[in-house]
Amino acid sequence: MSLEKFHGIIPAFYACYDDEGNISEERTKQLCDYLYEKKVKGVYVGGSSGECIYQNLEERKATLSYVAERLKGKMTLIAHVGAPSTRDSIELAKHAETLGYDALSAIPPIYFKFSDSAVYKYWTSIIEATSLDFIIYNIPQTTGYTLSPSMFAKLLENKKVIGVKNSSMPTMDIERFKRVGGDDVIVFNGPDEQYVAGRIMGADGGIGGTYGAMPELFLQADTFIKQGKFEEARSIQSDITEIIVALCSQQGSMYAVIKEILNRRGVNIGTVREPLEHITSDDSAPIDNIMAMIDQTIERHCK
Numbered sequence: 381m382s383l384e385k386f387h388g389i390i391p392a393f394y395a396c397y398d399d400e401g402n403i404s405e406e407r408t409k410q411l412c413d414y415l416y417e418k419k420v421k422g423v424y425v426g427g428s429s430g431e432c433i434y435q436n437l438e439e440r441k442a443t444l445s446y447v448a449e450r451l452k453g454k455m456t457l458i459a460h461v462g463a464p465s466t467r468d469s470i471e472l473a474k475h476a477e478t479l480g481y482d483a484l485s486a487i488p489p490i491y492f493k494f495s496d497s498a499v500y501k502y503w504t505s506i507i508e509a510t511s512l513d514f515i516i517y518n519i520p521q522t523t524g525y526t527l528s529p530s531m532f533a534k535l536l537e538n539k540k541v542i543g544v545k546n547s548s549m550p551t552m553d554i555e556r557f558k559r560v561g562g563d564d565v566i567v568f569n570g571p572d573e574q575y576v577a578g579r580i581m582g583a584d585g586g587i588g589g590t591y592g593a594m595p596e597l598f599l600q601a602d603t604f605i606k607q608g609k610f611e612e613a614r615s616i617q618s619d620i621t622e623i624i625v626a627l628c629s630q631q632g633s634m635y636a637v638i639k640e641i642l643n644r645r646g647v648n649i650g651t652v653r654e655p656l657e658h659i660t661s662d663d664s665a666p667i668d669n670i671m672a673m674i675d676q677t678i679e680r681h682c683k
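With positions in the sequence shown counted from 1, the corresponding number in my numbering is that position plus 380.
Written as structure tokens, this is what we have:
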């Protein structure tokens, strides 16, 4: 099976709410159109950027449906179906399969500290619930579970497991997972602030939460890497990281800031769901500055 459809820039899809804070079909499809026009490779729906842990099953299923209605057959669709219980994860997985998603993904189970055997059973139960390919999501800084190369190798014995979205901070992990899986496995870089480093260490593509705020920059970084222009890639990564630092330095959460940037660009997808913090009046001028940083970086690198 060719994994080419998973190579490239895949934004993590944002939760789209109406003015009352409910999932909005109209705004979800507006974000779909925006990302499609930017020519990214696909979307990763229902993960951290989708505020999945603050939504119920019906809300998550609705978002999966709206995205599929708009983008199925146009770009690669990956459904994140990780949930607090195995039963809910399986329900989401089966729903994504009926909608025609290309692959599933899931974080490990959260809250309690789980053994390797419990995590293995959780992921395997989701994998076996559908015929879809599966991408492990390794994000130890939020889940408390660190995927080891040996566990990855064990999971790869199931032919439906095609890769890992690696959001741990050490880029060495990307090299280790790629070494275990080889060319027949897809490894995604997770941390946006080290996209270029991750790619050079062996990642085949990236899935990221800030891609939607500046897709042009990540697409250009991908192009530089493919062209072997590593100095240019290093330079654009430095500028991207400065933008990410600014996105994370406001009173409002990073996602609230990104959503306000999109709103000011004509893509209104609402704000965030609490306990994520909304932007404040003090964030307004800095957001103008961040938008200028993005625009200037596009002008500098994307010619």
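Every residue gets a Cβ at the ideal spot worked out from N, C-alpha and C, and that includes glycine.
Reduced DSSP category for residue i - H, G, I as helix; E, B as strand; rest coil
i, result
"residue 629", "coil"
"residue 656", "coil"
"residue 383", "coil"
"residue 538", "coil"
"residue 486", "strand"
"residue 416", "helix"
Whole-angstrom distance between residue j and residue i, CA atom to CA atom
i, j, result
"residue 596", "residue 680", "12 Å"
"residue 599", "residue 524", "31 Å"
"residue 628", "residue 634", "5 Å"
"residue 546", "residue 389", "14 Å"
"residue 569", "residue 664", "31 Å"
"residue 463", "residue 612", "40 Å"
"residue 591", "residue 492", "31 Å"
"residue 478", "residue 442", "13 Å"
"residue 641", "residue 667", "7 Å"
"residue 526", "residue 422", "26 Å"
"residue 655", "residue 391", "23 Å"
"residue 419", "residue 645", "17 Å"
Outcome for residue i when other beta-carbon atoms lying within 10 angstroms are tallied against a minimum of 16
i, result
"residue 544", "buried"
"residue 583", "buried"
"residue 404", "buried"
"residue 662", "exposed"
"residue 509", "buried"
"residue 434", "exposed"
"residue 488", "buried"
Beta-carbon proximity check, residue i vs residue j, cutoff 8 Å
i, j, result
"residue 437", "residue 476", "no"
"residue 515", "residue 481", "no"
"residue 460", "residue 497", "no"
"residue 451", "residue 647", "no"
"residue 395", "residue 427", "no"
Contact belief for residue i with residue j at Cβ below 8 Å, rounded distance in angstroms
i, j, result
"residue 533", "residue 560", "5 Å"
"residue 506", "residue 469", "5 Å"
"residue 572", "residue 589", "7 Å"
"residue 368", "residue 474", "Outside the shown range of the chain, which is 381 to 683, sits residue 368, and nothing can be said about it."
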